[in-house]
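Residue numbers (the numbering used here): 2 to 437. Ideal Cβ positions, reconstructed from N, Cα and C, are used throughout, including at glycine. Since the structure is predicted, the reported quantities are computational estimates derived from the model, not experimental observations. Accompanying notes for the structure given below.
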């Protein structure tokens with residue numbers, strides 16, 4: 002282990018949403034695929050699950066639950082895995098988290114898989130976590146089929162992970178030991194992108210900051226000089242950060258909101274609160290940006306005579322896509338399902354799975370689903386897209402390639418050594434301040 006994310010997607014160019022068929026870029030020869038008979042088993046398994054997991058996806062999609070409130074999703078997913086004969090631990094380490102486990106043989110490695118479940122307030126599954134939930138289920142069950150059919154020893158650990166949207170559920174589970182013992186971990190995420198495509202880009206590291214300003218009330222007209230205006234403190238800090246943005250690199254993001262309490266125009270407010278997200282391409286760059294934002298809060302307090310408190314909220318790191326795992330996934334996906342790129346996906350968003358990629362070898366490909374122009378993640382249009390049949394089919398394709406990658410981790414010792422070597426090399430690059 003060499004160290005320890007809300008998921009919003011920056012608007013991309015409109016051509017990302019055009020559903021042009023890129024299948025001409027695909028070479029469906031199977032020449033680069035490790036143990037083609039294993040992939041055949043995986044494909045048959047996922048095809049046989051199609052109707053069941055489609056129903057599961059639509060159930061979760063129709064009953065959106067926000068972070069830490071994924072009670073129905075928790076129950077339907079755990080019940081589903083119990084019916085498949087898996088050992089299930091409900092309310093695993095967190096109230097709405099869960100874990101399902103299957104072992105075949107003895108002495109094998111352990112592959113982890115993640116299923117996200119939470120939705121967004123007001124707009125439902127606008128980040129497609131219903132698809133991520135069933136992707137985890139499908140990957141886990143397909144690997145199970147491969148292990149039992151081909152006599153491969155190994156253990157599969159499927160985690161149901163709550164509160165990705167602003168709660169950092171995976172980061173908390175990581176700290177609580179949920180990923181201990183895993184040799185590698187897999188998951189995926191939908192995003193706007195070319196039809197039948199997948200992406201292996203990274204994402205932005207993110208720090209949540211909360212600042213409270215405390216002043217003194219006064220009659221805003223009768224005796225304003227008696228007050229210390231907490232809203233002015235927040236506005237001053239906001240304007241300072243707005244000016245600071247001009248000196249940030251274009252790849253960095255700083256954005257925040259005001260939160261009030263009992264405000265009225267004729268009373269100088271004695272309290273205000275702000276919530277900020279600071280993002281950058283790497284954990285180290287994000288920490289440098291945070292160090293530049295904090296003085297803006299101090300300045301707002303000093304200028305108005307207010308007191309202030311800064312609380313560091315959850316932190317999520319950039320995705321460190323393991324190259325060996327990524328290359329294997331890309332070889333399978335390109336050979337069977339569509340093109341793989343390193344530009345689309347969730348590059349300007351953040352995810353708590355980034356923390357997992359800092360702790361153990363892991364990959365988190367995105368997969369393109371059809372939506373409308375300006376209908377990317379965190380929009381109502383994307384909510385609709387996440388429930389579509391086309392999105393479901395795209396989800397199944399990415400699960401097949403991920404399952405094949407997971408089986409190779411369990412079955413091929415030389416490949417797993419390469420995975421470990423790649424992870425350790427990435428750790429060294431981070432330690433030297435360089436990026437892979």
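For residue 359, the secondary structure class from DSSP, reduced to helix, strand or coil, is helix.
The beta carbons of residue 320 and residue 365 sit about 5 Å from each other, so the pair counts as a contact at 8 Å. For the pair residue 301 and residue 224, the CB atoms are not nearer than the 8 Å cut-off. Contact annotation: the region 156 to 169 touches the region 127 to 144, with at least three C-beta pairs closer than 8 Å. Here residue 129 is near residue 387, since their CB atoms are less than 8 Å apart. DSSP places residue 38 inside the alpha helix (DSSP H), whose first and last residues are 37 to 63. Within its own chain, the residues whose Cβ lies closer than 7 Å to the Cβ of residue 219, once the five positions on either side in sequence are excluded, are 225, 227, 228, 269, listed in chain order. Here the C-alpha atom of residue 55 lies approximately 9 Å from the C-alpha atom of residue 132. By the 16-neighbour rule on beta-carbons within 10 angstroms, residue 190 is buried. Annotation: the continuous alpha helix (DSSP H) that includes residue 83 extends over 72 to 84.
One alpha carbon belongs to residue 166, the other to residue 222, and they sit about 42 Å apart. Pairwise C-beta distances place the region 280 to 291 in contact with the region 248 to 255, as three or more of them are shorter than 8 Å. Contact between the region 296 to 314 and the region 333 to 347 is not established, with fewer than three Cβ pairs separated by less than 8 Å. Taking 8 Å as the cut-off, the beta carbon of residue 200 is found closer than this to the beta carbon of residue 344.
In summary, residue 412 is buried, with 16 or more beta-carbon neighbours lying within 10 Å of its beta-carbon over all protein chains present.
In the structure shown, residue 424 adopts helical secondary structure according to DSSP, grouped into three states. Looking at the backbone, the Cα of residue 424 and that of residue 326 are separated by about 10 Å. In this chain, residue 189 is not harboured by any alpha helix (DSSP H), its DSSP state being neither H nor E. Comparing alpha carbon positions, the residue from 383, 393, 427, 389 closest to residue 127 is 383. Under the DSSP assignment, residue 171 falls in the alpha helix (DSSP H) whose first and last residues are 170 to 176. In the structure shown, residue 209 falls within a strand segment according to DSSP collapsed to helix, strand and coil. The three-state secondary structure of residue 382, taken from DSSP, is helix.
When C-alpha distances from residue 99 are compared across 110, 105, 108, 69, the shortest belongs to 69.
With fewer than 16 other beta carbons inside 10 angstroms of its own, residue 244 counts as exposed. For a cut-off of 8 Å, the C-beta gap from residue 209 to residue 314 is around 3 Å, short enough to register as a contact. Within the DSSP bridge table, the entry for residue 354 names no partner. For residue 33 against residue 332, the beta-carbon gap comes to about 4 Å, under 8 Å, which counts as contact. Residue 278 sits in a strand when the DSSP states are folded into three classes.
The Cβ atoms of residue 356 and residue 171 sit closer than 8 Å to each other. Separation of residue 195 and residue 422 (C-alpha to C-alpha, rounded to the nearest whole angstrom) is 32 Å. By a beta-carbon distance limit of 8 Å, residue 47 contacts residue 397. Their separation comes to about 6 Å. Annotated three-state conformation of residue 407 is helix, per DSSP. C-alpha of residue 415 to C-alpha of residue 362: approximately 15 Å in a straight line. Counting only runs of 3+ residues, the beta strand (DSSP E) found wholly inside the region 212 to 288 occupies 254 to 260, 272 to 281, in chain order.
Beta-bridge analysis with DSSP links residue 166 to no other residue. A distance below 7 Å between beta-carbons, with the five flanking residues on each side excluded, links residue 35 to the following residues of its chain, in chain order: 409, 413.
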